[in-house]
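Single-structure report; data block below.
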Amino acid sequence: MNQSLITQLPRVEQLFDRYAERFGKQQTTYRNHVYRLVNLVIAQRPLNVEELDKLQIAAFFHDAGIWLAGTFDYLPSSSRQADHYLQEEQLEDWSHDVHNMIMNHHKVSRFSHNHLDLTEAFRRADWIDVSLGLLRFGVPMARIRLIKRSFPNAGFHPLLLKLSGRQILKQPWRPFPMFRR
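Dropping the structure here:
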């Protein structure tokens with residue numbers, strides 16, 4: 058396990074700069090979630106340079122539709138935004154992998170039986186973070202605490218509760234994104 062944390066990701070920072078106005082006061086909240094996810098994936102498996110780059114894109118866009126499309130039904134819009142970005146950057150070959158990470162990050166059951174699969178590691182990382190470490194998938198609690206101390210919640214979980222409450226009031230018949238896949 059890599060002991061040092063990744064605290065600066067150029068592509069992630071460039072994307073946050075690009076969309077700063079859309080995130081507003083919640084930019085730090087979401088940025089910290091993105092960095093927690095990246096570090097939780099790395100706590101599960103080593104990454105090569107290309108995988109880290111794909112992970113940066115998927116991590117940035119995975120929930121970004123909440124802010125960029127203004128919807129809590131954000132998986133399709135997040136994936137579309139990522140596809141658009143990949144086209145701009147001439148990285149269309151990565152679309153399948155990035156799409157899988159985004160569209161399956163809330164999946165309750167495994168995406169793959171191969172625990173080293175990047176999409177599966179990303180799915181588990183999101184569940185570790187959203188569950189506040191109750192689900193760990195083999196990541197040591199000490200590592201989770203270190204990641205959480207380095208990238209504090211900054212209101213992320215209360216934001217999820219607020220958005221969930223709005224969704225229930227607005228469309229009680231429509232299940233949350235994590236229950237539709």
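Heads up: the sequence shown begins at 58 in my numbering, then just goes up one per residue. Every residue, glycine too, gets a C-beta built ideally from N, C-alpha and C.
Quiz item: Expressed to the nearest angstrom, what Euclidean distance is found between the alpha-carbon atoms of P209 and T64?
Solution: Your numbering for residue 209 matches position 152 in the sequence shown. Your numbering for residue 64 matches position 7 in the sequence shown. Computed Cα separation, rounded: 12 Å.
Practice problem: Excluding the 5 residues preceding and the 5 following N89 in the sequence, name in chain order all residues of the same chain whose CB lies nearer than 8 Å to its CB. | Solution: On the sequence shown, residue 89 is found 32 positions in, with the first residue counted as 1. For N89, where only same-chain residues beyond five positions count, the Cβ hits under 8 Å are F208, P209, N210, A211, F213.
Quiz item: Does the beta-carbon distance from L94 to D186 come in below 8 Å?
Solution: Position 37 of the sequence shown holds residue 94. Position 129 of the sequence shown holds residue 186. Yes, these two residues count as a Cβ contact at 8 Å.
Quiz prompt | Inter-residue spacing [alpha-carbon to alpha-carbon] between Q71 and P197 | solution = Within the sequence shown, residue 71 is the residue found at index 14, counting from 1. Within the sequence shown, residue 197 is the residue found at index 140, counting from 1. Each residue's Cα considered, the two are about 31 Å apart.
Exercise. Return the chain-ordered list of same chain residues with a C-beta closer than 6 Å to the C-beta of A126, the five sequence neighbours on each side being excluded.
Key: Mapped onto the sequence shown, residue 126 falls at position 69. Only S134 meet the Cβ criterion.
Quiz item: Short check: CB of L62 to CB of L203, under 8 Å?
Solution: Counted from its first residue, the sequence shown places residue 62 at position 5. Counted from its first residue, the sequence shown places residue 203 at position 146. For L62 and L203, yes; Cβs fall inside 8 Å.
Quiz item: What are the start and end residues of the alpha helix (DSSP H) that includes L97?
Solution: The residue labelled residue 97 in the question sits at position 40 within the sequence shown. Where L97 is concerned, the enclosing alpha helix (DSSP H) stretches over 84 to 101.
Quiz prompt | E177 classed as buried or exposed, judged by whether at least 16 other C-beta atoms fall within 10 angstroms | solution = Locating residue 177 in the sequence shown gives position 120, counting from the first residue. Under a 10 Å Cβ-count criterion, E177 is classified as buried, with 16 or more other Cβ atoms of the shown protein chains found around its own Cβ.
Self-check item: Cβ separation of R79 and Q113, assumed to be a contact under 8 Å, to the nearest whole Å
Solution: Reading the sequence shown from its first residue, position 22 is the one you call residue 79. Reading the sequence shown from its first residue, position 56 is the one you call residue 113. A Cβ-Cβ separation of about 18 Å leaves R79 out of contact with Q113 under the 8 Å criterion.
Quiz item: Where F117 and F194 are concerned, what is the direct C-alpha to C-alpha distance, given to the nearest angstrom?
Solution: For the purposes of this step, residue 117 is taken as the residue at position 60 of the sequence shown. For the purposes of this step, residue 194 is taken as the residue at position 137 of the sequence shown. Each residue's Cα considered, the two are about 22 Å apart.
Quiz item: Can L173 and V155 be called in contact, C-beta distance under 8 Å?
Solution: Taking the first residue of the sequence shown as 1, we reach residue 173 at position 116. Taking the first residue of the sequence shown as 1, we reach residue 155 at position 98. Their beta carbons are not under 8 Å apart, which means L173 does not touch V155 by this criterion.
Self-check item: Pairwise C-alpha distance: V165 and A115
Solution: The sequence position of residue 115 within the sequence shown is 58, counting from 1. The sequence position of residue 165 within the sequence shown is 108, counting from 1. In a straight line, the C-alpha of A115 is about 18 Å away from that of V165.
Self-check item: Through-space distance from A199 to L192, alpha-carbon basis
Solution: Residue numbering aside, residue 192 sits at position 135 when the sequence shown is read from its first letter. Residue numbering aside, residue 199 sits at position 142 when the sequence shown is read from its first letter. Those two C-alpha atoms are separated by around 14 Å.
Quiz item: Starting from V196 and walking both ways along the alpha helix (DSSP H), at which residues does that stretch end?
Solution: Within the sequence shown, residue 196 is the residue found at index 139, counting from 1. Per DSSP, V196 belongs to no alpha helix (DSSP H) and is neither H nor E.
Practice problem: Helix, strand or coil for M58, going by three-state DSSP, please let me know. | Solution: Indexing the sequence shown from 1 puts residue 58 at position 1. Because M58 carries a pLDDT of 45, less than 50, the predicted location of this residue cannot be relied on, and no value is offered for it.
Exercise. Starting from T176, trace the alpha helix (DSSP H) both ways and give me its first and last residue.
Key: Looking up residue 176 in the sequence shown gives position 119. Counting along the chain, the alpha helix (DSSP H) containing T176 begins and ends at 175 to 187.
Quiz prompt | Pick from F73, I201, I99, W124 that is closest to F179, judged by C-alpha positions | solution = Mapped onto the sequence shown, residue 179 falls at position 122. Of F73, I201, I99, W124, the smallest CA-CA separation from F179 is found for I99.
Practice problem: Check each candidate in E107, F73, Q138 and name the one with the smallest Cα separation from D150. | Solution: To locate residue 150, count along the sequence shown from 1; it is residue 93. Answer by Cα proximity: E107.
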